[in-house]
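Here is the structure we will look at, set down as C-alpha coordinates.
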Amino acid sequence: MKKILYVIGSLVVIVGVLSLLAPNDFKVERTVSINAPAILVYSNISFFEKHQNWSPWNEKDPDLKYWIDGEDGKVGAIYNWEGDENVGVGEQELTALKENESVEMKIRFMTPYEVENDAWFNIVKGEETSLNVSWGIAGSMGFPMDIMMMVGIMDMDAQVGPDFEKGLNNLKSICESEADQSATSNFPIELVKWEPHYMIAVRDTVNIAENGAFMMENFPKLYENLGKAGINPTGPSCGL
(Lines of atoms letter the chains of each structure in order from A; the text may use other names.)
(Lines give C-alpha, C1' and ligand atoms only; values in the text may rest on other atoms or scores of the structure.)
Protein backbone atom coordinates (compact mmCIF):
# COMPACT_ATOMS: atom_id res chain seq x y z
CA MET A 20 0.00 0.00 0.00
CA LYS A 21 2.83 2.40 0.87
CA LYS A 22 4.44 1.71 -2.49
CA ILE A 23 1.19 2.44 -4.30
CA LEU A 24 0.73 5.67 -2.37
CA TYR A 25 4.34 6.57 -3.11
CA VAL A 26 3.82 6.00 -6.83
CA ILE A 27 0.60 8.00 -6.84
CA GLY A 28 2.25 10.81 -4.89
CA SER A 29 5.20 10.84 -7.27
CA LEU A 30 2.89 11.02 -10.27
CA VAL A 31 1.01 13.93 -8.73
CA VAL A 32 4.29 15.77 -8.13
CA ILE A 33 5.50 15.06 -11.68
CA VAL A 34 2.24 16.25 -13.20
CA GLY A 35 2.34 19.37 -11.03
CA VAL A 36 5.90 20.17 -12.07
CA LEU A 37 5.11 19.57 -15.73
CA SER A 38 2.10 21.85 -15.46
CA LEU A 39 4.30 24.60 -14.02
CA LEU A 40 6.95 24.16 -16.71
CA ALA A 41 4.58 23.66 -19.62
CA PRO A 42 4.03 26.61 -21.98
CA ASN A 43 0.55 28.04 -21.56
CA ASP A 44 0.46 30.44 -24.47
CA PHE A 45 0.13 29.63 -28.15
CA LYS A 46 -0.21 31.55 -31.40
CA VAL A 47 -1.09 30.32 -34.88
CA GLU A 48 -1.13 32.57 -37.93
CA ARG A 49 -1.22 32.08 -41.67
CA THR A 50 -1.00 34.60 -44.53
CA VAL A 51 -2.06 34.55 -48.17
CA SER A 52 -1.59 37.03 -51.01
CA ILE A 53 -4.88 38.18 -52.57
CA ASN A 54 -5.11 40.28 -55.72
CA ALA A 55 -8.34 42.12 -54.97
CA PRO A 56 -9.46 45.48 -53.52
CA ALA A 57 -9.31 45.74 -49.74
CA ILE A 58 -13.02 46.54 -49.62
CA LEU A 59 -13.84 43.11 -51.13
CA VAL A 60 -11.60 41.26 -48.70
CA TYR A 61 -12.88 43.24 -45.73
CA SER A 62 -16.50 42.57 -46.69
CA ASN A 63 -15.87 38.82 -46.83
CA ILE A 64 -14.15 38.66 -43.43
CA SER A 65 -16.19 41.19 -41.42
CA PHE A 66 -19.60 39.58 -42.03
CA PHE A 67 -20.13 36.19 -40.41
CA GLU A 68 -22.73 35.28 -43.03
CA LYS A 69 -20.07 35.58 -45.73
CA HIS A 70 -17.74 33.30 -43.76
CA GLN A 71 -20.02 30.46 -44.83
CA ASN A 72 -18.74 30.82 -48.40
CA TRP A 73 -15.11 30.07 -47.53
CA SER A 74 -14.96 28.58 -44.02
CA PRO A 75 -12.88 25.36 -43.94
CA TRP A 76 -15.05 23.92 -41.17
CA ASN A 77 -18.23 23.88 -43.21
CA GLU A 78 -16.59 21.25 -45.40
CA LYS A 79 -15.73 19.16 -42.34
CA ASP A 80 -19.35 19.19 -41.18
CA PRO A 81 -21.85 19.94 -43.97
CA ASP A 82 -24.67 19.64 -41.42
CA LEU A 83 -23.19 22.31 -39.12
CA LYS A 84 -25.88 24.53 -37.60
CA TYR A 85 -25.27 28.22 -37.03
CA TRP A 86 -27.08 31.42 -36.16
CA ILE A 87 -26.04 35.04 -35.68
CA ASP A 88 -27.03 37.21 -32.73
CA GLY A 89 -26.92 40.98 -33.12
CA GLU A 90 -26.24 42.94 -36.31
CA ASP A 91 -23.85 41.06 -38.55
CA GLY A 92 -20.78 43.08 -39.53
CA LYS A 93 -20.97 45.25 -36.41
CA VAL A 94 -19.03 45.06 -33.14
CA GLY A 95 -20.98 42.85 -30.74
CA ALA A 96 -22.34 40.47 -33.37
CA ILE A 97 -22.01 36.84 -32.28
CA TYR A 98 -21.77 33.81 -34.57
CA ASN A 99 -22.91 30.62 -32.83
CA TRP A 100 -22.24 27.15 -34.18
CA GLU A 101 -23.10 23.57 -33.29
CA GLY A 102 -21.38 20.77 -35.15
CA ASP A 103 -20.11 17.22 -34.92
CA GLU A 104 -16.93 16.07 -33.19
CA ASN A 105 -14.84 17.66 -35.96
CA VAL A 106 -15.99 21.23 -35.29
CA GLY A 107 -17.55 21.10 -31.81
CA VAL A 108 -19.73 23.81 -30.29
CA GLY A 109 -18.85 27.45 -29.72
CA GLU A 110 -19.24 31.09 -30.68
CA GLN A 111 -17.30 33.99 -32.21
CA GLU A 112 -17.86 37.61 -31.25
CA LEU A 113 -16.77 40.65 -33.25
CA THR A 114 -14.85 42.84 -30.80
CA ALA A 115 -13.12 45.42 -33.02
CA LEU A 116 -13.33 46.50 -36.65
CA LYS A 117 -11.00 48.77 -38.61
CA GLU A 118 -12.50 49.31 -42.04
CA ASN A 119 -10.49 47.64 -44.83
CA GLU A 120 -7.66 46.88 -42.39
CA SER A 121 -8.53 44.47 -39.60
CA VAL A 122 -11.14 42.39 -37.80
CA GLU A 123 -10.76 41.23 -34.19
CA MET A 124 -12.81 38.51 -32.51
CA LYS A 125 -13.20 36.44 -29.38
CA ILE A 126 -13.65 32.71 -30.00
CA ARG A 127 -15.24 30.69 -27.23
CA PHE A 128 -15.20 26.91 -27.50
CA MET A 129 -17.76 25.01 -25.43
CA THR A 130 -16.68 21.49 -26.41
CA PRO A 131 -14.56 19.45 -26.01
CA TYR A 132 -13.05 22.05 -23.61
CA GLU A 133 -14.34 25.42 -22.47
CA VAL A 134 -11.76 27.98 -23.54
CA GLU A 135 -11.69 31.55 -24.88
CA ASN A 136 -9.13 32.72 -27.43
CA ASP A 137 -8.38 35.86 -29.44
CA ALA A 138 -8.62 35.72 -33.23
CA TRP A 139 -8.00 38.26 -35.95
CA PHE A 140 -7.73 39.09 -39.63
CA ASN A 141 -5.24 41.68 -40.88
CA ILE A 142 -5.13 43.23 -44.35
CA VAL A 143 -1.75 44.71 -45.32
CA LYS A 144 -0.65 46.10 -48.68
CA GLY A 145 1.58 43.68 -50.55
CA GLU A 146 3.44 43.91 -53.83
CA GLU A 147 1.89 46.04 -56.57
CA THR A 148 -1.91 45.60 -56.35
CA SER A 149 -1.93 42.56 -54.07
CA LEU A 150 -2.80 42.37 -50.38
CA ASN A 151 -1.32 40.18 -47.66
CA VAL A 152 -4.23 38.82 -45.63
CA SER A 153 -3.46 37.14 -42.31
CA TRP A 154 -5.68 34.95 -40.15
CA GLY A 155 -4.56 34.19 -36.63
CA ILE A 156 -5.55 32.88 -33.24
CA ALA A 157 -3.81 33.14 -29.86
CA GLY A 158 -4.60 32.20 -26.30
CA SER A 159 -3.64 30.21 -23.23
CA MET A 160 -4.13 26.56 -22.43
CA GLY A 161 -4.81 25.32 -18.93
CA PHE A 162 -4.35 21.87 -17.43
CA PRO A 163 -4.22 19.25 -18.94
CA MET A 164 -3.88 20.79 -22.40
CA ASP A 165 -0.71 22.66 -21.43
CA ILE A 166 1.02 19.38 -20.63
CA MET A 167 -0.30 17.85 -23.85
CA MET A 168 1.26 20.76 -25.74
CA MET A 169 4.54 20.31 -23.89
CA VAL A 170 4.91 16.60 -24.68
CA GLY A 171 3.75 17.02 -28.27
CA ILE A 172 0.37 15.32 -28.01
CA MET A 173 -1.35 18.60 -28.87
CA ASP A 174 0.25 20.82 -31.52
CA MET A 175 -1.97 23.84 -32.13
CA ASP A 176 -0.01 24.97 -35.18
CA ALA A 177 -0.29 21.54 -36.80
CA GLN A 178 -3.96 21.21 -35.88
CA VAL A 179 -5.22 24.70 -36.77
CA GLY A 180 -2.68 25.89 -39.33
CA PRO A 181 -3.85 23.69 -42.25
CA ASP A 182 -7.47 24.78 -41.67
CA PHE A 183 -6.41 28.44 -41.77
CA GLU A 184 -4.48 27.82 -44.99
CA LYS A 185 -7.47 26.15 -46.61
CA GLY A 186 -9.83 28.90 -45.47
CA LEU A 187 -7.52 31.65 -46.73
CA ASN A 188 -7.16 29.95 -50.11
CA ASN A 189 -10.95 29.68 -50.34
CA LEU A 190 -11.19 33.37 -49.43
CA LYS A 191 -8.58 34.21 -52.07
CA SER A 192 -10.56 32.42 -54.79
CA ILE A 193 -13.79 34.20 -53.86
CA CYS A 194 -12.27 37.69 -53.58
CA GLU A 195 -10.28 37.42 -56.80
CA SER A 196 -13.34 36.08 -58.64
CA GLU A 197 -15.43 39.00 -57.38
CA ALA A 198 -12.65 41.42 -58.37
CA ASP A 199 -12.57 39.96 -61.90
CA GLN A 200 -16.33 40.33 -62.22
CA SER A 201 -16.12 43.94 -61.07
CA ALA A 202 -13.31 44.70 -63.51
CA THR A 203 -15.31 43.40 -66.49
CA SER A 204 -18.44 45.34 -65.54
CA ASN A 205 -19.18 49.04 -65.68
CA PHE A 206 -20.13 49.15 -62.00
CA PRO A 207 -17.17 49.96 -59.74
CA ILE A 208 -17.22 48.65 -56.18
CA GLU A 209 -16.98 51.34 -53.55
CA LEU A 210 -17.90 51.75 -49.91
CA VAL A 211 -20.39 54.53 -49.22
CA LYS A 212 -22.16 55.69 -46.09
CA TRP A 213 -25.91 55.57 -46.58
CA GLU A 214 -27.84 57.56 -44.02
CA PRO A 215 -31.12 56.13 -42.65
CA HIS A 216 -34.10 56.54 -44.99
CA TYR A 217 -37.82 56.09 -44.54
CA MET A 218 -39.54 53.73 -46.96
CA ILE A 219 -43.14 52.84 -47.70
CA ALA A 220 -43.72 49.31 -48.91
CA VAL A 221 -46.14 46.52 -49.70
CA ARG A 222 -44.79 43.44 -47.99
CA ASP A 223 -45.47 39.88 -49.10
CA THR A 224 -43.71 36.63 -49.97
CA VAL A 225 -43.71 35.69 -53.67
CA ASN A 226 -41.67 33.35 -55.84
CA ILE A 227 -39.30 34.67 -58.49
CA ALA A 228 -41.71 33.95 -61.34
CA GLU A 229 -44.35 36.19 -59.75
CA ASN A 230 -41.95 38.99 -58.79
CA GLY A 231 -42.46 41.11 -61.90
CA ALA A 232 -46.25 40.95 -61.75
CA PHE A 233 -46.17 41.77 -58.02
CA MET A 234 -44.16 44.93 -58.64
CA MET A 235 -46.31 45.99 -61.60
CA GLU A 236 -49.40 45.67 -59.43
CA ASN A 237 -48.13 47.41 -56.31
CA PHE A 238 -45.81 50.21 -57.47
CA PRO A 239 -48.77 52.24 -58.85
CA LYS A 240 -50.61 51.76 -55.54
CA LEU A 241 -47.62 53.06 -53.60
CA TYR A 242 -47.28 56.17 -55.76
CA GLU A 243 -51.03 56.78 -55.53
CA ASN A 244 -50.93 56.67 -51.73
CA LEU A 245 -47.86 58.91 -51.63
CA GLY A 246 -49.66 61.43 -53.82
CA LYS A 247 -52.72 61.43 -51.59
CA ALA A 248 -50.49 62.04 -48.58
CA GLY A 249 -48.63 64.86 -50.33
CA ILE A 250 -45.29 63.08 -50.11
CA ASN A 251 -42.69 63.34 -52.89
CA PRO A 252 -40.36 60.32 -53.29
CA THR A 253 -36.68 61.16 -52.85
CA GLY A 254 -35.31 58.07 -54.58
CA PRO A 255 -36.06 55.36 -57.14
CA SER A 256 -38.39 52.43 -56.55
CA CYS A 257 -36.83 49.16 -55.51
CA GLY A 258 -37.63 45.60 -54.53
CA LEU A 259 -36.10 43.79 -51.56
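20 is the number of the first residue of the sequence shown in the numbering used here; add one for each residue after it. We treat Cβ as the ideally placed atom computed from N, Cα and C, and that holds for glycine.
With DSSP run on the structure shown, which of helix, strand or coil describes Asn141? strand
So does the stretch 42 to 57 actually touch the stretch 151 to 159, counting three or more Cβ pairs closer than 8 Å? yes
Would you kindly report the start and end of the unbroken alpha helix (DSSP H) that includes Met234? Ile227 to Ala248
Please tell me whether Cys194 and Ala55 are closer than 7 Å, where the distance is taken between their beta carbons. yes
Considering just the uninterrupted stretch of the alpha helix (DSSP H) at Lys212, what are its terminal residues? Looking at the DSSP string, Lys212 is not in any alpha helix (DSSP H), and its letter there is neither H nor E.
Distance, Lys117 Cα to Lys144 Cα: 15 Å
Examine the Cβ distances between the stretch 229 to 241 and the stretch 175 to 194 and report whether three or more of them are shorter than 8 Å. no
Rounded C-beta distance between Lys125 and Glu112? I'm assuming under 8 Å. By a beta-carbon distance limit of 8 Å, Lys125 contacts Glu112. Their separation comes to about 5 Å.
Short of 6 Å in beta carbon distance, which residues of its chain neighbour Asp80, apart from the five on each side in sequence? Order them along the chain. Gly102, Asp103, Asn105 and Val106
Determine the burial state of Phe66: buried for a count of at least 16 other Cβ atoms within 10 Å of its Cβ, exposed for fewer. buried
Rounded to the nearest angstrom, how far is the Cβ of Asn99 from that of Glu90, given a contact under 8 Å? Contact doesn't hold; Cβ gap of about 15 Å is too wide.
Are Gly258 and Met234 touching if we call contact CB-CB under 7 Å? yes
Three-state secondary structure (DSSP) of Met168: Note on Met168: pLDDT 48, under 50, position unreliable in the model; no value is reported.
Roughly how many angstroms separate the alpha carbons of Trp86 and Glu68, rounded to a whole number? 9 Å
Residues bridged to Met124 (per DSSP): According to DSSP, Met124 bridges with Leu113 and Ala138.
Glu68 - containing alpha helix (DSSP H), residue span: Phe67 to His70
Determine whether the beta carbon atoms of Ile219 and Leu190 lie at a separation below 7 Å. no
Of the residues Val108, Gly92, Leu245 and Glu147, the one placed nearest Asp82, counting alpha carbons only: Val108
Determine the closest residue to Phe238 out of Gly249, Val225 and Val221, with distance taken between C-alpha atoms. Val221
For Val179, count the other beta carbons within 10 Å of its own beta carbon; 16 or more makes it buried, fewer makes it exposed. Which is it? With at least 16 other beta carbons inside 10 angstroms of its own, Val179 counts as buried.
Gly95 to Phe45, Cα distance in whole Å? Straight-line measurement puts the Cα of Phe45 at about 25 Å from the Cα of Gly95.
Tell me where the alpha helix (DSSP H) around Trp76 begins and ends. Per DSSP, Trp76 is one residue of the alpha helix (DSSP H) stretching across Pro75 to Lys79.
Could you tell me the distance, in whole angstroms, from the CA atom of Tyr217 to the CA atom of Ile250? 12 Å
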